[in-house]
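The structure appears right after this line, and notes come after that.
Protein chains: 2
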Amino acid sequence: MGIGYKRIEIDGGTGGVTLPAQAGMEKEVLELAERWGIDAVRDSDGTRLSPEIAYMGFTVYSTLCLVREDNEWAKAHRGFLQQAYLISDRVSALGPRLEIDPMARYYAEQFAPDDRHDPGRYWEVYDRSAGESLPPSAWTWDRATRRIVVEGAVPGHVYTASFLADQLWEPVSMYNHITNAWTEEHRMPLDPRHPEARARLLEVLREWLAERPSTGVVRFTTFFYNFDLAYDERGKERRVDWFGYGFCASALAMDEFERERGYRLSPEDLIDQGYGNNPARLPSKAFLDWMDFIQRFVALFARECVDLVHAAGKKAYMFLGDHWAGTEPYGPYFGSIGLDGVVGAGADAVTTRMIADIPVRETEARFYPYLFPDVFREGGDPAGEARRVWARSRRAILRSPMDRMGYGGYLSLACRFPAFVAEVEGICRRFREIRAATSLAEPGLDGRRFASPWVAPFKVCVLNAWGETRRWMGHQVAHSLPNRRCHAYLGFLEALAGQAFDLEFLSFDQVLREGLPRLPAVLVLAGDAGTAWSGGEAWENPRLAAAIRLWVARGGGLIGIGEPSARERQGAYFQLRDILGVEREMGLGLNWRERPPAPRPGHFVDAGLSERPDLGEGISQVRALPSGARVLRASGPGGEDACLAVNRFGSGRAAYVAGLPYSHENARLLERALYWAAGAEAAFETWRAQDPRVELHAYPSVGRFAAVNCADEPVSTNLTLGDGTRIAVELASLECAWFEYDGGGAP
Amino acid sequence: MGIGYKRIEIDGGTGGVTLPAQAGMEKEVLELAERWGIDAVRDSDGTRLSPEIAYMGFTVYSTLCLVREDNEWAKAHRGFLQQAYLISDRVSALGPRLEIDPMARYYAEQFAPDDRHDPGRYWEVYDRSAGESLPPSAWTWDRATRRIVVEGAVPGHVYTASFLADQLWEPVSMYNHITNAWTEEHRMPLDPRHPEARARLLEVLREWLAERPSTGVVRFTTFFYNFDLAYDERGKERRVDWFGYGFCASALAMDEFERERGYRLSPEDLIDQGYGNNPARLPSKAFLDWMDFIQRFVALFARECVDLVHAAGKKAYMFLGDHWAGTEPYGPYFGSIGLDGVVGAGADAVTTRMIADIPVRETEARFYPYLFPDVFREGGDPAGEARRVWARSRRAILRSPMDRMGYGGYLSLACRFPAFVAEVEGICRRFREIRAATSLAEPGLDGRRFASPWVAPFKVCVLNAWGETRRWMGHQVAHSLPNRRCHAYLGFLEALAGQAFDLEFLSFDQVLREGLPRLPAVLVLAGDAGTAWSGGEAWENPRLAAAIRLWVARGGGLIGIGEPSARERQGAYFQLRDILGVEREMGLGLNWRERPPAPRPGHFVDAGLSERPDLGEGISQVRALPSGARVLRASGPGGEDACLAVNRFGSGRAAYVAGLPYSHENARLLERALYWAAGAEAAFETWRAQDPRVELHAYPSVGRFAAVNCADEPVSTNLTLGDGTRIAVELASLECAWFEYDGGGAP
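Line by line, the protein sequences are chains F and E. Here the first sequence stands for residues 1 to 747, numbered as in the working numbering. Here the second sequence stands for residues 748 to 1494, numbered as in the working numbering.
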C-alpha cells in the first residue's frame, strides 16, 4: 500500500501584502486592495500617504530613517555628522616629495576630509611598497591646498592616505537623487554615537510617533549606518560594499573602541589595503572586534528606539538594506533589538531566503522590481521581471515560509502597467496559498508557526570564513559586482536556497573550535583562490585541512566548486587535493606529462546531465591526480580541464565542479552530487520529481506536499513520494500544485 | 639619393652539413653527399659507421656518452652508479601509523632506493601539512617491506619522503628502448664523482679515441648527468625537467658540497616541495649554490676529457641535450671546458637561437624531425615537418648565423621518404647561402666570423628570475609540458628570436645589484603569477618595483604579458599596475563598479592588427585602471577583459598583452609595441617590410640584406630600406631573397 494522496485547492484568503501607496492614488489603492488582497499600506522615501488612505482600514507602515530626518538640526550641528574612513588613490612617488590629494576621485558633495580631529592621530599615510605605515611626523596636511605632503618619500614607492571624512550627503538620499531625479535638499546623516545627537534622534522619534496616530508599523529604513557606498567625482558609484562597516567609523568611535576594548585600531584595520574588509576577504581579528563593537552599539540604541515604538502601541520593523550596518540579523545582538519583523528585498531564492531565515517573528519579502523609473519605463518589462523574480524567490519561501510580501517604490508608476498589476495579482494569491498551506493550526512549542519541510537524511554545511554570520550572504555581492566568476559561485547558493536540505553555514574557526558536523553530512566549499569563500590563508593552519581530511575519511562528503581550498603551499595548490582527487596546474609544476584521458561519464552524479553543461567559464588546467578522481566532464580548448569529477577518500566521497551558475540542470546536478557525497544515493528518489524543472516540497506535520514547476513552460513528469509511490502530474507554466497525503500503509 | 641596391644570388658552396650515416648505407651516403652537400658523417645512438663510410673523405663525427659506455664495469661497480633525489607520492595519514612506499609510481627498472647510505642522514620525511621535516628518529626504513614507517604521524597530515635512489637504467637509453624499440642490455650510468669511476671513464675515453683514428670530431652526448627524467610504473614519463639538477645528486655529492661550501644541503633544498627547482620556480640561494657546485665539477672533468680529445688530434663538440646538466652554455664555467663546438636540436626560432648564441667557436643546428619511426612512418609528413621547422629556425639563424646544420637518427628511415630528401636538399642549400652571405672576409677583432645584423635603436631586455643563465630558455619547457598558457608566453620569445633587436636577458637580482639598462630600452615581463617569469615573491622586495618604476618614469619602456608582476600584496595584484595602467580583479576587490567601456583601437601599437587577434586564452578580468591604460582590444564573454592596452607613465610607456602565441601577426604586434614603448615609432619603418609575413635583415658591414618570406605562400610587399628608400618585392613561398646595397647618398 502506498501513500494516499489527493490534489487540493488552497484558499489563501487575503492579506499578507503591503502596498506602497501615495497621496492622490486613493482610487487605485482601493482597486488594488481588492485585486492584490492587501492589508497594509506604506509610504516610501519621497512619498506620503493621504489621510484618506491612512484611514481606509489597512495597517499603515510608515518608513523612517531617523538619522536623516531632521536636516535643520544636522546643518546646525555639523560636528555630529556621520563620518567614514576612506582611502586615497594609490600615488607613485617619483622623487622624495609626494603630494596626495585624498579627495581625488571622490565626490566633493558627499565627503569632506575631517581635519577638526588631528590628522596625525586619525589619518594614516601608508607606504604600500614597504607595507608600512609612516609615522605622523613624516607627513603634513596642508589645509590650504587640501593635500597631504610627504617630504621624505622613497622614490619609486607607492603611497596611500587613509583619512576620516565627514559625510555631507547621506548616500541613500544621494542614490535616490541620481536614480529618481530627486531635487530636494541634500540630507545629512547624524551620528548617534554623539550623546547630543542620540538625544535629538530620540526626541525626533517621539515627535514623529506622536504625529502618526494612524501608523501601525514603524518601518525603520534602517537604523543608523549605511553600508559603504562612495561615489566618484562623476557621481558614479566608486566603491559599494553592501556588507561594509567603513561608514560606521568616526573619530569618536575609534576613541570609544579603544576605551571599550583596551586597544586602539589603526585606520589600516578598517581600510584593509583598500579592500575595506569586504566579505570576500578573510576577516581579521581587529575587524571582527570592530564589527562586534558596532553591533553592540547599534543594538543598544536600536533597542531604545524600538522601546519607544512599542510604548506608542506600534510595531517596529526594520528594512534589511540601506542603513543596516551593525544590525547583522544572524549576529549575536540582533535578538536584543526586540523587533517585530524584518522586511528585505527579494530578487531571487538566495536573497529571499536570507530574509526568510532571519530569527524574528515576522518576515516580509519586498520583491523586485522596485517601482522605479529604471524598469517602469517605455520598453521596460516590469511584468516579466516580477514573474521571473517570483519564480526564483518562491523556491526559498517554500523552504522557509514567510508572513508577508510587498513591493516598494511609486504606485503611480505601477498603475501605468496593467500587465504588471495582473501578474502581481497572481503572485499575491499564490504567495498566500503557500502561507496557508504550510501554516500550523497551533504554533509549535518553539514558537514556530509554519510546518517544517521534509529534508534529506543528511546535513549540508556551507563552509567558509564567515559561517552563520553570513548565512545566505556568501558571494551575494555578485549582484552588483561585475565579477563573472561570482555568478558561477552564487549559483550553488541559489540552488540550495530552494532545496530540501538541513542547511548550516560553518566557519573555518568553528571547525577548529568545535570540529565538524555529525555524520552523515556534506561540506560545500566554493570560491576563488584567496577569498573568504575558498579559504586562502586559512589553509596555513594545518589543523583545518587535517580535521576535514579525517572527517571525510570517516565517511563525510565534500563538494568543491571552483578553486576549493586553493593556496599554493608545500607542493599543493588545492590543499584538499587528496580528497577531491583533482589538482590545478598553476604553471609551477611539471607534473602533467600526458594529455588527460577522455572523461568517463555515466556516474550517479551526472545521470541525466547534458553532455556539455554550462558550468561557468571553467577553471583552467584542473586535472585528475594519478589514481585520483574520475572525471565526468571536461572543458576548455582540447577538453583537458576537468570541470566535473568524483572521488572517494577513505570511507568518504568528494565531487569537484568548476562552477555552478544557477539553472534547473545545475541545481539537479548539485542535488545528485550532495546525495552521492553523503552516500545517500538510495534515498535520492524520495520526494523527487523526475524532471529537474519540477521541485517537490513535503510538509509532513500538515500532511501536504507541493509539486512546483520552476520553468515558465508546461511540464509533465513523475513524482516519487516519501514511500516510493510514483504519480504522474501535469503542471502549467510555473504552477505550484498542492496535495494532501497520509502515511498510507506505513506505520 | 636613396640607397643603391641590387638583388643577388649567393653561392653557398657545399659543406656545413652533417649526415647521420650507418653501415650498409654506403650508396645512399654518397648520393646524399652530392644532393645535400655534406662534409661530415656521424653515427648515432645505436648505429655504427662502416669503414667504407669512415674513409669516404668526410669529417667523421663519433658520438660518445662516456658514463654509459662501459656497462660491464658499471655492473661490477654498482656503488659507483649515478643516483638521484626523488620524492615519493604524497600520503595522507589517517592515523598515527603511516607507511610510505617511496617507489610507488616509479619504475623499478629505472630506480632502486639507496639504503647503503644511512637513510636517516640522506633521506627526509616531510610533514607537508606542517611544512616541517621530521627528525630521523621519527621514522624508520623497513628493509623487508621497502616501506618508510612513521609511528607518530599527526592524523590528517600529508607526508612525503625524499630519498636517494640508484639509477639502474640510464634514462636516455631507456627513452630509446621505448621510442625506438631497442632490445639491447639496459645501460647503467656511472657517476664520475667517484674517483675510481672517473679514472675508469678517462681510461675508456683513451681506449675509445685510440680505436677511432678516422674520427675527426668527438661529439659528446653530452657529458655526465642527464636532466631529470623519471618514468612511472607503466614506463611513461612521470617527471621531465630538461633543466633539472636532481640527477646530479648523490650521497657523495651531498657530502662534497658540505665540505666545499661549508654548509649542508637538505634533501628538501633539491626536492623543493616536489617542484624540483624547475625553471618556473624562483631559484633559492641553496639551489643556485648547488647549480654552481655541479657546474664547477662538470666543467673541470669535462675539461679533462676535452684535453684528451685534443691530445688525440680531434675536435670536441658537445650535444646540448641529454646529459647536459651542469654544462650551462650561458653559465660562468662553460668557456673553461674548451669545446670546439656545440650541436643542439633546432625545432623553431627559440631553440635554434639558444644554440646559435652560445659563446663557442662553432655551432650546429640538428634540425627536427629526428629520423625516428615516430615521424618516419606510414602517414607521417617528415618533409612538411622539416619545412615548417626550417621556416621557424631560419629566423634565428638570420639573426645569429651558425656554422653547421644536420639531422639526427637513422638514415635508413630518411631514404624511404624521397620528398623529405628533396626538401632537405633545398634547406641545406639555403642554409649555406645565409652562412656565405653573412660571412666576414676576415674574422673581426673579437673573433667574430659573421657580420652583425642591424638592430633597432634601443635595447630589449627580457626580465625574469634567471637572466642570461636561461637565455632563450624561459618558458621553453612548454615544448613538452601540456600547460597551454606556456605557449602564449613562449610566443614572444619565438618572435624575438628572429627580430632585429639588441637583446639581453636580465634577472631580478641583476636589477637590484646593477640597476636597469641605459635608455633607450624596453623591458619584457611575461608569465603566470607566482612563476620565475612573472616574478612571484620577488615582488616582496620593494626595491625591485621601485627601480623599474623610476626607470620607466625616466623614459623606459615596459611590455607586460599575461600576469606581469602578479603578486597579491598591499592592495595590488599587478605590482606594476601603475605603469601598466591595468589591474586584474582576483575576486577580492569591489573596485569595478561599471562595465568597462568599449576598447578604443587605432593606436600605433595595433595598426594593421586584426579586430580579434589570437592573444591566447586570455587572462580573465583584466581592466584598465581609472585614468589608466587605453584598451585597444578586449576579450572574454561580454568583451570585458582587456587583452591589449597601452599606457604612459611619467616619460615612459608600457603595453599590456594577455598572451602572444607565435604568429606573423603577433610578432608584428610585439615589434610595434616595443618600438612604441621605446618611444621609437619614428624609426619603425627602417629596414621593414610592410607585410608582417616578410622580415628584413640587414648586415651593414657586408652591405647585404635579406628579405625573407616567413609564410608558406607567395607574398608581394614593399620594403623600406635603412634610409627610407622603398622598394617592391615579390617573394615565393618561404623565399629568402638576398640584396647588395651601398650607402647611396648618405655620408
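Beta carbons: idealized from backbone N, C-alpha and C, even for Gly. Because the structure is a prediction, the values reported are computed rather than measured.
To the nearest angstrom, how far is it from the Cα of residue i to the Cα of residue j?
i: Arg-785/F; j: Ser-663/F; result: Absent from the structure is residue 785/F, since the part of chain F shown begins at 1 and ends at 747.
i: Leu-282/F; j: Tyr-573/F; result: 18 angstroms
i: Arg-863/E; j: Pro-939/E; result: 19 angstroms
i: Phe-994/E; j: Arg-837/E; result: 21 angstroms
i: Leu-937/E; j: Asn-927/E; result: 23 angstroms
i: Glu-385/F; j: Pro-369/F; result: 7 angstroms
i: Ser-214/F; j: Ala-54/F; result: 6 angstroms
i: Val-1299/E; j: Ala-1235/E; result: 25 angstroms
i: Ala-456/F; j: Ser-62/F; result: 41 angstroms
i: Ala-497/F; j: Arg-353/F; result: 6 angstroms
i: Asp-228/F; j: Ala-1427/E; result: 46 angstroms
i: Phe-224/F; j: Gly-321/F; result: 11 angstroms
i: Asn-1465/E; j: Thr-1472/E; result: 10 angstroms
By alpha-carbon positions, which one of the options ends up nearest to residue i?
i: Glu-256/F; options: Phe-297/F, Ala-634/F, Phe-492/F, Leu-490/F; result: Phe-297/F
i: Asn-278/F; options: Ala-532/F, Phe-649/F, Ser-716/F, Val-708/F; result: Ala-532/F
i: Leu-1421/E; options: Val-1207/E, Pro-1461/E, Pro-1360/E; result: Val-1207/E
i: Gly-771/E; options: Ile-757/E, Asp-790/E, Gly-1155/E, Leu-1243/E; result: Asp-790/E
i: Pro-596/F; options: Leu-580/F, Ile-579/F, Gly-571/F, Gly-636/F; result: Gly-636/F
i: Leu-775/F; options: Ser-620/F, Glu-124/F, Thr-18/F, Phe-505/F; result: Look at the range of chain F in this structure, 1 to 747, and you will see that residue 775/F is not part of it.
Using DSSP with H/G/I as helix, E/B as strand and the rest coil, what is residue i?
i: Lys-1032/E; result: helix
i: Gly-13/F; result: coil
i: Phe-1164/E; result: coil
i: Gln-167/F; result: strand
i: Asp-272/F; result: helix
i: Asp-139/F; result: As written in the sequence, residue 139/F is Trp, which differs from the Asp given in the question. If DSSP states are grouped into helix, strand and coil, Trp-139/F belongs with the strands.
i: Trp-449/F; result: Checking the sequence shown, residue 449/F turns out to be Arg, not Trp. In this structure, Arg-449/F counts as coil in the three-state DSSP scheme.
i: Met-1220/E; result: coil
i: Asp-292/F; result: helix
i: His-479/F; result: For His-479/F, the predicted structure reports a pLDDT of 45, less than 50, and the residue's modelled location is therefore unreliable. A value from the coordinates is still provided. If DSSP states are grouped into helix, strand and coil, His-479/F belongs with the helices.
i: His-323/F; result: coil
i: Thr-686/F; result: coil
i: Ile-3/F; result: coil
Buried or exposed for residue i, going by 16 or more other Cβ atoms inside 10 Å?
i: Phe-1205/E; result: buried
i: Ala-855/E; result: exposed
i: Pro-1129/E; result: buried
i: Gly-1309/E; result: buried
i: Glu-819/E; result: exposed
i: Lys-1061/E; result: buried
i: Ile-755/E; result: exposed
Using a beta-carbon distance below 7 angstroms, is residue i in contact with chain A?
i: Tyr-175/F; result: Among the protein chains in the structure shown, which are F and E, there is no chain A.
Practice prompt. Any chance you could list the alpha helix (DSSP H) runs of at least 4 consecutive residues sitting entirely within the region 1237-1261 of chain E, in chain order?
Written response: Within the region 1237-1261 of chain E, the runs of alpha helix (DSSP H) that reach at least 4 residues and sit entirely inside it are, in chain order, 1255-1261.
Practice prompt. Kindly provide the ranges of any alpha helix (DSSP H) runs that are 4 or more residues long and lie completely inside the region 1253-1310 of chain E, ordered along the chain.
Written response: With a minimum length of 4 residues, the continuous alpha helix (DSSP H) runs that stay inside the region 1253-1310 of chain E are 1255-1261, 1289-1300.
Worksheet item: Unbroken beta strand (DSSP E) runs of length 3 or more, entirely within the region 960-1001 of chain E: which are they?
Response: Listed in chain order, the complete beta strand (DSSP E) runs (minimum 3 residues) inside the region 960-1001 of chain E are 962-967, 975-978, 984-988.
Practice prompt. Can you check the region 1109-1176 of chain E for any alpha helix (DSSP H) of at least 4 residues that lies completely inside it and give the ranges in chain order?
Written response: Look at the region 1109-1176 of chain E and you find these whole runs of alpha helix (DSSP H), each 4 residues long or longer: 1129-1146, 1158-1161.
Worksheet item: Counting only runs that start and end within the region 1329-1367 of chain E, where is the beta strand (DSSP E) found for 3 or more residues in a row?
Response: Counting only runs that start and end inside the region 1329-1367 of chain E, the beta strand (DSSP E) elements of at least 3 residues fall at 1329-1331.
Discussion item. Quick check for students: name the residue ranges of the beta strand (DSSP E) that lie wholly in the region 168-197 of chain F, counting only runs of 3 or more.
Written reply: Restricted to the region 168-197 of chain F, not a single beta strand (DSSP E) segment is unbroken, complete and at least 3 residues in length.
Worksheet item: Taking only runs of the beta strand (DSSP E) that begin and end inside the region 28-104 of chain F, which ones reach a length of at least 3 residues, in chain order?
Response: Taking only runs of at least 3 residues, the beta strand (DSSP E) segments lying wholly in the region 28-104 of chain F are 40-42, 59-64, 83-87, 98-100.
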